[in-house]
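Peer 1:
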Amino acid sequence: MPRSLAVPLLVLALVACRGRESPRAAAGAPSGTLVIAMPGDADVLLPPVATTQFAIHVADRLFPRLAELTLGLNTVDDSGFAPSLARSWTHRDSVTIAFQLDPRARWQDGTPVTAADVVYTFDVYRDSLTGSTVRINLTPIVSVTAEDSLTAVFRFARSYPEQLYDATYHMRIVPKHLLDTIPHERLASSSFATDPAVAMGPFRFVRWDKGTEITVEADTASFLGPPGLARIVWRIMPDVSASVTALLAGEADAVEVIPQRDEIERARRSPTLVLTPYASPFVAGIAFNMRRPLFQDRALRRAIAQAIDREAVVQSVFGPYAEVPVGPISRMVWIAQAPVRQLAFDTAAAGRALDSLGWRRGPGGVRQRGGRRLGFALLVPTTSRSRQEAAVLLQGQLARAGIELRIEPVEFARLDSRSRAGDFDAVFFSRTLDPSPANLSQFWHSNAIATGDNLGAYRSATFDSLFASAVAARGRGDALPRWQALLEWFNDDAPAIHIYSLRNNAAIHRRFQNVTVRPDSWLATVASWSVAPDQRLPRDR
Amino acid sequence: MGRYAVRRLGAASLTVFLVVTLTFFLAHLAPGEPMLGDVERLRADPVRVQALRAQFGLDRPLLVQYGRYLSNVARGNLGESFVMRRPVRAALAERLPRTALLAGLALLAAFGLGIAVATVQAARAGSATDALLGAATLVFHSLPTFWLGLVLMVVFSQWLGWLPVSGMTTPVEYERMGVMGRMVDVARHLLLPALTLALVQLAEIARFQRGALVDALGAEFVRAARARGLTDQAVLVRHALRSALAPVVTLAGTSLPMLLAGSVLVESVFGWPGMGRLTHEAILARDYNVILGAGLVTGLLVALGSLAADLAANALDPRSAA
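Chains as they are written, first to last, in my numbering: chain A, 1 to 541; chain B, 1001 to 1322.
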């Protein structure tokens, strides 16, 4: 049997190896290969239709924005942005920004990048048929027009401080001359979406071996200047432990985030790796369903919040690798840096509040009122080990306060459909936030009830008006106290209890230099990373 | 034999049809939106989601979708992946040879090692070696596949540095290799996942083979061979083993479903870009067409494997068809 199977196996080996064409010619001066362990594959590499973060990480290396956020993630002031495709911009009036494109910018087939590309890109992103996930963020922009070949003019529906952010952050500019014959609804399945051979650097697409790896190489002719690295390879490694083993074995160079405490410790012990901590855009918490009469009682919600020791939960589940958020935002958002008042953990106060509401201790210690036990069910996704562990701790803490928490583990898709349909008491949700604090409206503004993103159907005129005031503030100094007031109102009103925000750790091989990590997009500065000549490995040459 | 083969072929076709039908209804009846498989997609525009549902026919009644699916399958059209935006047939054609390579090598290794271990055990039946080998194979059988894979990875890749951790080829350097170098590179990447799959299967094969060998060693023809003055080794290998191999052949067919199921975990742990991982990712993303396509191919493979094993067993011992 072995001999008879040897030939078919050899044929299979040849078939399995095929489909990998020779790479395009490598660029000259830059050197070093960054091999990134990535937990999932991209869907498509065309920014307007890419939906996963994995795809965005790759596409961002190929298709620059008009301007880039700098490391401080200041979304309000122009000083928070650096030129990219646009070498400058002017606020012509309170609702108009004109961008001057860099005249050196060329697509990798030699065609100049013009304002027509910017106009086309906006049209693609804004068209509902395209299916862009950021379309909603572009609604304040009324129009984008080409004043001349190098001037793109953005007009807004109203005056507000984050106009530059909205004009530059969400869109990556794509080539009109290669895409405008494709109907927008067909862009995702076009060949360009999986083989974006013509981009504008600082890297050029080389190969995507689906399910295995994606490779880009330095474009030394890029108007942004040659990058320090010769190539970046994203290796698809779905298992966290395997990714860390690959790092330790020298097979991979970097990973965006190690989500498990034990695996972080493994990486920390390695002499070849550097753990780079950065604030995570991720925040998780419990949202109460305000459609349920029980949770319409503000005093009860506050009592539940006071009965929870979030610090103990964070320490127990994550140790030093997470923190208690200051409210419905992560530390990445600039408004989180200021002190924000929160409901303190105070079991005595919680007990007194519940007593005063008529919830008295009954059999088994569970509080009752009018024959009804004080308790609720919490939806927890089976896909999140952290949230399941945290839910068990919360159950114990609430039990001590006389509140019965029933944990309801559900598969992620089920959790999503049930929470959007309002079919829950409370849900252990997670959010990946944008750098802008205005992102809060998407999840907690009364307008977001209709879209389903405001899971608990939280409706507060005070919150809505504080939000309107905060987003209208000019400059950080003026905006910060308004955002603080908003966060404190939210915390006092307790429509949700935010339990943890992660402290991300990127693990990166020690031979890489000039490494900085921008929290919202960890590879944003990768074009300036490099490898010292005496540190190079065979794959770096 | 001919009528038996036709009857078994009919049963195999029915099995495939039932697998396709069951997979279709289970996938569609499971909760969750097909277009909202991951967190990023939660921000998808409802208008676009509706348009996509219409584009993929998901707004039709379930029975209509089922009828359309069967009709498309009959024409060889497995539809388009919601996530990858490419024909499912192309994705499966890319992934299937890789899984077949992995499962094929694992099957070879499991049978090779299993038969070798069983031969040693049978030759020393009742001894400490027999007990020790029996216990060792049982341990491998009891270990969770993904855990065993991770342990092998740490030992052979991190500590010893002998074998690669993940993927199918070495990044960058693979492109600089010649044809032979590339073959060796793929083989090196294949070893750990194949070994993981093989070790889990080993116990069953070894126990089955050991039993058959012990029975054979007590048979008349073996006593006759011994009486002719043949050495113990010659008796064991040339006579007992040859006779005891026949029943093990049927195990090959039943091992295939186990290997394909095991490949889902092993491919994820080792980043092997095969059909198992594709299926796992499709289930998480509610990518119906990929789930159904993978179900169809898996059903076909299992049915063909069982059919081949039955026919082989029937050829070796016609009484088995009675």
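Glycine included, every Cβ here is placed at the ideal spot set by N, Cα and C. Small disclaimer: the values here were computed from a predicted structure and weren't measured.
Counting contacts by CB-CB distance shorter than 7 Å, is Ser189 (chain A) in contact with chain B?
Peer 2: Cβ-Cβ to chain B under 7 Å: yes for Ser189 (chain A).
Peer 1: Report the option in B:Gly1211, B:Ala1074, B:Tyr1004 and B:Val1155 whose CA atom is closest to the CA atom of Gly1126 (chain B).
Peer 2: With distances taken between Cα atoms, Gly1126 (chain B) lies closest to B:Gly1211.
Peer 1: Please list, in chain order, all residues of the same chain as Gln535 (chain A) whose beta carbon is under 6 Å from its beta carbon, the five residues on each side excluded.
Peer 2: Arg511
Peer 1: Answer with buried or exposed for Asn289 (chain A), where buried requires no fewer than 16 other C-beta atoms within 10 angstroms of its C-beta.
Peer 2: The residue in question, Asn289 (chain A), is buried, as its Cβ has 16 or more Cβ neighbours within 10 Å.
Peer 1: For chain A, find out if any of its Cβ atoms is closer than 7 Å to the Cβ of Met1168 (chain B); answer yes or no.
Peer 2: yes
Peer 1: Answer yes or no: the CB of Arg135 (chain A) versus the heavy atoms of the ligand GDP, is any distance below 6 Å?
Peer 2: Among the components of this structure there are no ligands whatsoever, and the ligand GDP is therefore not found.
Peer 1: Rounding to the nearest angstrom, what Cα-Cα distance links Ala1090 (chain B) and Ala1224 (chain B) in this structure?
Peer 2: Straight-line Cα distance between these residues: approximately 58 Å.
Peer 1: Can you pull the chain A neighbours of Ser1268 (chain B), defined as C-beta to C-beta under 7 Å?
Peer 2: Pro238 and Asp239
Peer 1: Quick one: list the residues of chain A neighbouring Leu1092 (chain B), beta-carbon separation under 9 Å, in chain order.
Peer 2: What Leu1092 (chain B) touches in chain A: nothing, since even the nearest Cβ is about 12 Å away.
Peer 1: With a floor of 3 residues, list each beta strand (DSSP E) that falls wholly inside the region 432-508 of chain A, ordered by position along the chain.
Peer 2: none
Peer 1: Give the DSSP-derived three-state secondary structure of Gln368 (chain A) in the structure shown.
Peer 2: strand
Peer 1: Using a Cβ-Cβ distance under 7 Å, would Glu1173 (chain B) count as near chain A?
Peer 2: yes
Peer 1: Give me the Cα-Cα distance between Trp234 (chain A) and Gly358 (chain A), rounded to the nearest whole angstrom.
Peer 2: 58 Å
Peer 1: Helix, strand or coil, according to DSSP, for Ser1255 (chain B) in the structure here?
Peer 2: helix
Peer 1: What residues of chain B sit near Leu455 (chain A), judged by a beta carbon separation below 7 Å?
Peer 2: Ordered by position in chain B, no residue passes the 7 Å Cβ test against Leu455 (chain A), which lies about 10 Å from the chain.
Peer 1: Would you call Thr1132 (chain B) buried or exposed, if buried means 16 or more other Cβ atoms sit within 10 Å of its Cβ?
Peer 2: Sequence check: residue 1132 (chain B) is Leu here, not Thr. Exposed, because fewer than 16 other Cβ atoms sit within 10 Å of the Cβ of Leu1132 (chain B).
Peer 1: Can you name the residues of chain B whose CB is closer than 9 Å to the CB of Leu69 (chain A)?
Peer 2: By Cβ distance, chain B contributes nothing, its closest Cβ being about 19 Å from Leu69 (chain A), past 9 Å.
Peer 1: Could you tell me which whole beta strand (DSSP E) segments of length 3 or greater appear in the region 1053-1093 of chain B?
Peer 2: none
Peer 1: For Met38 (chain A), which three-state DSSP category applies?
Peer 2: strand
Peer 1: CB Leu487 (chain A) to CB Leu466 (chain A), shorter than 7 Å?
Peer 2: no
Peer 1: Ends of the alpha helix (DSSP H) at Gly1211 (chain B)?
Peer 2: Val1179 to Leu1217
Peer 1: What does DSSP give as the partner residue(s) for Pro277 (chain A) in the beta ladder?
Peer 2: A:Asn505
Peer 1: Within the same chain, show all residues whose beta-carbon is closer than 7 Å to that of Ile499 (chain A), passing over the 5 residues directly before and after it, in chain order.
Peer 2: So the qualifying residues of the chain are Ala284, Gly285, Ile286, Arg310, Val313 and Ala390.
Peer 1: Just to make sure I have the definition right: I need the residues of chain A whose C-beta is within less than 8 Å of the C-beta of Pro1273 (chain B). Which are they?
Peer 2: Identification of chain A residues near Pro1273 (chain B) by a Cβ-Cβ cut-off of 8 Å yields Asp209, Lys210, Gly211, Thr212 and Ile236, ordered along the chain.
Peer 1: Identify the contact partners of Glu251 (chain A) in chain B, using a Cβ-Cβ distance below 9 Å as the criterion.
Peer 2: Listed by position along chain B, the residues whose Cβ is nearer than 9 Å to that of Glu251 (chain A) are Ser1157, Pro1164, Val1165, Ser1166, Gly1167, Thr1170 and Pro1171.
Peer 1: Can you tell me whether Asp148 (chain A) is buried or exposed? The criterion is at least 16 other CB atoms within 10 Å of its CB, across all chains shown.
Peer 2: exposed
Peer 1: According to DSSP, is Ser402 (chain A) part of a helix, a strand, or is it coil?
Peer 2: The displayed chain sequence assigns Gly, not Ser, to residue 402 (chain A). Coil, per DSSP.
Peer 1: Secondary structure at Arg24 (chain A), three-state DSSP: helix, strand or coil?
Peer 2: Summary for Arg24 (chain A): the model assigns pLDDT 36, below 50, so the residue's position carries little reliability, and this model does not support an answer.
Peer 1: Helix or strand or just coil, what does DSSP make of Ile286 (chain A)?
Peer 2: Assignment of Ile286 (chain A) by DSSP, reduced to helix, strand and coil, places it in the strand class.
Peer 1: Contact check, Ile47 (chain A) vs Tyr278 (chain A) under 8 Å by CB: the rounded distance?
Peer 2: At residue 47 (chain A) the sequence reads Pro, which differs from the Ile that was named. The pair is not a contact, with the Cβ atoms about 23 Å apart (cut-off 8 Å).
Peer 1: When burial is assigned at 16 or more other CB atoms within 10 Å of the CB, is His1189 (chain B) buried or exposed?
Peer 2: buried
Peer 1: Could you please give the first and the last residue of the uninterrupted alpha helix (DSSP H) stretch that includes Gln315 (chain A)?
Peer 2: Arg310 to Phe318
Peer 1: Are there 16 or more other CB atoms within 10 angstroms of the CB of Glu265 (chain A), so buried, or fewer, so exposed?
Peer 2: The residue in question, Glu265 (chain A), is exposed, as its Cβ has fewer than 16 Cβ neighbours within 10 Å.
Peer 1: Using Cβ-Cβ distances below 7 Å, what residues of the region 43-75 of chain A are close to chain B?
Peer 2: Asp43, Val44, Thr51, Thr52 and Gln53
Peer 1: Taking only beta-carbon positions, decide if Leu1029 (chain B) is within less than 7 Å of chain A.
Peer 2: Taking 7 Å as the CB threshold, Leu1029 (chain B) stays off the interface with chain A.
Peer 1: Determine, for Ala1074 (chain B), whether the minimum Cβ-Cβ distance to residues of chain A falls below 7 Å.
Peer 2: no
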